[in-house]
Amino acid sequence: YGFDIVVRWNYSNLREFILMAEAWYNKEVFPENEIQYHPESKTISPEPNYYPYPGKPANQIQWGQYIFLNYKFHQLWSAGFRYDFFTDYSLKNQAGYMATNAIEAQSFQISFIPSEFSFIRATVERRFTMDYSGETPENKALQGLIITPDFEKVEYRFFVQAVFILGSHPAHQY
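Converting from the sequence shown to our numbering requires adding 12 to each position, the first position being numbered 1.
1) I'd like to know if the region 95–107 and the region 121–131 are in contact, where contact means that at least 3 CB-CB pairs between them fall below 8 Å.
2) How is the beta strand (DSSP E) around Q77 delimited, first residue to last?
3) Cutting at 6 Å between CB atoms, please list the residues of its own chain near F29, excluding the five before and the five after it.
4) Could you tell me the alpha carbon to alpha carbon distance between A134 and R94, rounded to whole angstroms?
5) Could you check the C-alpha separation between Q87 and S130 for me, to the nearest Å?
6) Leaving out five residues on either side along the sequence, give the residues of the same chain with a beta carbon under 6 Å from the beta carbon of A33.
7) Given this structure, state the Cα-to-Cα distance separating W89 from R27, to the nearest angstrom.
8) A107: buried (16+ other C-beta within 10 angstroms of its C-beta) or exposed?
9) Indicate the three-state DSSP secondary structure (helix, strand or coil) for T99 in the structure shown.
10) Name the residue from N25, Y23, Y13 whose alpha carbon lies nearest to the alpha carbon of W36.
11) State the DSSP-derived secondary structure class of F129, mapped to helix, strand or coil.
12) Got a sec? Which residues, its chain only, sit under 6 Å from V19 by beta carbon, not counting five neighbours each side?
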């Protein structure tokens, strides 16, 4: 399941605003993993958030989203911001329980657009990654101490992108 939206406003190629967003949800369920209620014993199996079948595929449940804003403040320049988020509910820790995880990023960009056939863009991104799928009971006990396992990390990235379109293109109006 998913949806996306694009809103664009353009004023004579001098000013422009673009808002783009997308969200999606993916769920793939295998019959042997369905939670079942047993009325005689008032129990459920398998236990929620627990995956007791090693060697068999777990249910795949993932979702993500992004939003992108871009503003062209000059005929040759634009600036933008993008927020991304993704999580995978099918990741399990060493004990078989659902592992907390996510990837979240915020990006700022500036673009120089000298013509309709080229642009140069610089992007700075902060990416936060959290993945507790490698967590064990021993690691969990260490979380309150000064030395903690490396299940969360923050990265800063810098990108430079240059795009030049070469080859034949329609004639210009004279």
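Even glycine gets a Cβ: it sits at the ideal position worked out from N, Cα and C.
This is what the structure holds:
1) At 8 Å Cβ cutoff, the stretches do not touch.
2) The residue labelled residue 77 in the question sits at position 65 within the sequence shown. Element bounds for Q77: 72–84.
3) As a first step, residue 29 is located in the sequence shown; it is residue number 17 there, counting from the start. Here the set comprises W21, Y83.
4) Taking the sequence shown and counting its residues from 1, the one referred to as residue 134 is at position 122. Taking the sequence shown and counting its residues from 1, the one referred to as residue 94 is at position 82. Taking the straight line joining both Cα atoms gives about 13 Å.
5) Position 75 of the sequence shown, counted from the first residue, corresponds to residue 87. Position 118 of the sequence shown, counted from the first residue, corresponds to residue 130. Straight-line Cα distance between these residues: approximately 13 Å.
6) If you number the sequence shown from 1, residue 33 lands on position 21. Taken in chain order, the residues that qualify are I17, I79.
7) Taking the first residue of the sequence shown as position 1, residue 89 is located at position 77. Taking the first residue of the sequence shown as position 1, residue 27 is located at position 15. Spanning the two alpha carbons is a distance of roughly 10 Å.
8) The residue labelled residue 107 in the question sits at position 95 within the sequence shown. That one is exposed.
9) Counting from one through the sequence shown, the residue named residue 99 turns up at place 87. The answer is strand: DSSP assigns T99 an E or B state.
10) Position 24 of the sequence shown, counting from 1, holds the residue named residue 36. Out of N25, Y23, Y13, Y13 has the C-alpha closest to the C-alpha of W36.
11) Within the sequence shown, residue 129 is the residue found at index 117, counting from 1. F129 falls in the coil class under three-state DSSP.
12) For the purposes of this step, residue 19 is identified with residue 7 of the sequence shown, where counting begins at 1. These residues qualify, in order along the chain: L31.
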